[in-house]
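A.B. asks:
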Amino acid sequence: MKTIALLGATGSIGESALTVIRNQKEKFTVTGLSGYSNEALLTRQIAEFRPSHVAVSTKEIRDRLRETFPFLHLYYGENALTELAEAAPYDILLTAVSGAVGIGATVAGIQREKRIALANKETMVAAGEYINGLLSRHPGAEILPVDSEHSAIFQSLSGGAKDEVQRILLTASGGTFRGKKRKDLENITIDEALTHPTWKMGKKITVDSSTLVNKGLEVIEARHLFQIPYEKIKVLIHPESIVHSMVEYRDRCVIAQLGNHDMKLPIQYALTYPQRLANPIFEGLDFVKLKALTFEEPDRETFRGLDLAYEAGRLGGTMPAVMNAANEVAVSLFLRRKISFLAIYDIIEKAMARHSPQEASDLGTILMADKETRAWVNKTYEN
Ligand code: NDP
Ligand code: MG
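For the sequence shown, counting from 1, position 132 maps to 1109 in the working numbering; every step adds exactly one.
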């Protein structure tokens, strides 16, 4: 029996994770949960899974939950996720919050030498160098990727040694606007940006997929998770989202992981690795019904998110944290109708241009760059 603390339980990944756990009741117990704005759903989840530790956004929610569940250890406010990760009993910390707000909790989980099942890619983007340093000082800790591409790469990397890897082929659906040109994207509405051809996900990552910023973040995530240089990471558009990513070795053999596009698959794998449990949720792939698996080059001129991320990654230090923070605020401004879709790229570019990257070896420097960028973007574009 493994115990799990699930951060971001009320989100898309959080709910999928709870379905996985529900289907493997004899293997997993939930000891921690967190939610932010969706109090009603969090309350139902607490009633069903009976965790001992819960983190929420405000004191008001904390007080109401305390009345209903008097024995809970409750945390609220800015440090709630980190405090829960420091205090709750768990074997696995599944971090599925959206945004760099998850950094502190991952750090706490690593310091406690736990397994981190990481969906929260922004943590690895903003603080990847620092997290890798921390991992090297805490050999009992490990990060298992939940992001489907990184789960695929992780699985494919067992096909050879690290120094035999020629390239990582990171696949991307291409998002809702694949095939469109810059002028077609000028008047994109929120509803248009929030439909995704293959994956059903939270709002922020759905917009990130349509700008290809998501794939850019994933390039940086892959760089840090697998310690593979940027020049060996190639993005390939694969609209069917069946090949979740591939690793090419120097003998030119390619090992890929294929599967349905359902996040329950990589979530379960990150929880059960090195075991593979029977999957009671869906059937295997029907290769005869799959008419074709197609691949194409990304349109980097239209979807500038990809190259902005490569640039941030290559500059290194605090620059990826700045790129990520600028994007988080820009997406939130777009979702509040304050800026146009294409302005997301301009904001990231300007935020990066005004920042001189510093070494990112301590968390304080990273969080400062993140905070300063958020403040600048908000101040400059809020009205
Ligand atoms: P959602 O928006 O659906 O869920 C986000 C979760 O984080 C919710 O539980 C939300 O609480 C909580 N949350 C939001 N803001 C804060 C905050 N400031 N402090 C604490 N908690 C907060 O996102 P997804 O589930 O889609 O994505 C989660 C993470 O997983 C992201 O990093 C994303 O990039 C990654 N990911 C997601 C995939 C997917 O298929 N969805 C695929 C691969 C990676 P509440 O809802 O109660 O407000
Ligand atoms: Mg992904």
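Glycine included, each C-beta is placed from N, C-alpha and C at the ideal position.
Are the segment 1207 to 1219 and the segment 1262 to 1273 in contact at 8 Å, needing three or more beta carbon pairs?
C.D. replies: Contact between the segment 1207 to 1219 and the segment 1262 to 1273 is present, because at least three Cβ pairs lie under 8 Å.
A.B. asks: The ligand MG heavy atoms versus the CB of S1125: any closer than 6 Å?
C.D. replies: yes
A.B. asks: Cutting at 6 Å between CB atoms, please list the residues of its own chain near G1152, excluding the five before and the five after it.
C.D. replies: Around G1152: S1186 and S1187.
A.B. asks: Measuring only the C-alpha atoms, how far is K1268 from L1061?
C.D. replies: 47 Å
A.B. asks: Could you tell me the boundaries of the beta strand (DSSP E) in which S1135 lies?
C.D. replies: Here S1135 belongs to no beta strand (DSSP E), and DSSP marks it neither H nor E.
A.B. asks: Which of helix, strand or coil does DSSP assign to P1122?
C.D. replies: strand
A.B. asks: Tell me which residues share the same chain as N1097 and place their Cβ nearer than 8 Å to its Cβ, disregarding the 5 neighbours each side in the sequence.
C.D. replies: L984, G985, T1072, A1073, V1074, S1075, G1076, G1079 and T1083
A.B. asks: Under 8 Å by Cβ, that's how I've got Y1246 and L1310 pegged, so tell me the actual separation to the nearest angstrom.
C.D. replies: With 8 Å as the limit, Y1246 and L1310 do not qualify as a contact, their Cβ atoms being about 35 Å apart.
A.B. asks: Taking the alpha-carbon positions, what's the L1285 to I1324 distance?
C.D. replies: 11 Å
A.B. asks: Please return the same chain residues whose Cβ sits closer than 6 Å to the Cβ of I1093, not counting the five positions on each side in sequence.
C.D. replies: L1070, T1083, G1086 and I1120
A.B. asks: Since G1179 and S989 should fall inside the 8 Å C-beta cutoff, what is the C-beta to C-beta distance between them, to a whole number of angstroms?
C.D. replies: 5 Å
A.B. asks: According to DSSP, is T996 helix, strand or coil?
C.D. replies: helix
A.B. asks: Out of E1163, P1334 and Q1252, state which residue places its alpha-carbon closest to the alpha-carbon of A1346.
C.D. replies: P1334
A.B. asks: Report back the beta-carbon spacing between K1192 and T1279 to the nearest angstrom; my notes put them in contact at under 8 Å.
C.D. replies: About 13 Å; that fails the 8 Å criterion.
A.B. asks: Could you give the first and the last residue of the continuous alpha helix (DSSP H) run that contains R1021?
C.D. replies: E1016 to F1026
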